[in-house]
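First comes the structure, then the notes that go with it.
Residue numbers (my numbering): 3 to 43.
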């Protein structure tokens with residue numbers, strides 16, 4: 003039971019991080035158009 007709960011918690015955290023990263027990348031794409039690709043990496 004504890005392992006299933008831990009797995010669910012980790013999976014939930016990964017999903018939150020994916021959504022946050024998608025939103026953050028969407029904002030950075032607009033900003034990085036002015037900058038070079040070398041600075042983005």
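From the three backbone atoms N, C-alpha and C, an ideal C-beta is built for every residue, glycine too.
Could you tell me the alpha carbon to alpha carbon distance between residue i and residue j, rounded to whole angstroms?
i: residue 14; j: residue 31; result: 26 Å
i: residue 25; j: residue 18; result: 11 Å
i: residue 22; j: residue 3; result: 29 Å
i: residue 20; j: residue 10; result: 15 Å
i: residue 27; j: residue 8; result: 28 Å
Looking only at its chain, what residues have a beta carbon closer than 6 Å to the beta carbon of residue i, apart from the 5 residues adjacent to it on each side?
i: residue 6; result: none
For this session: Taking only runs that begin and end inside the stretch 4-37, name each unbroken alpha helix (DSSP H) of 4 or more residues, in chain order.
Result: 4-34
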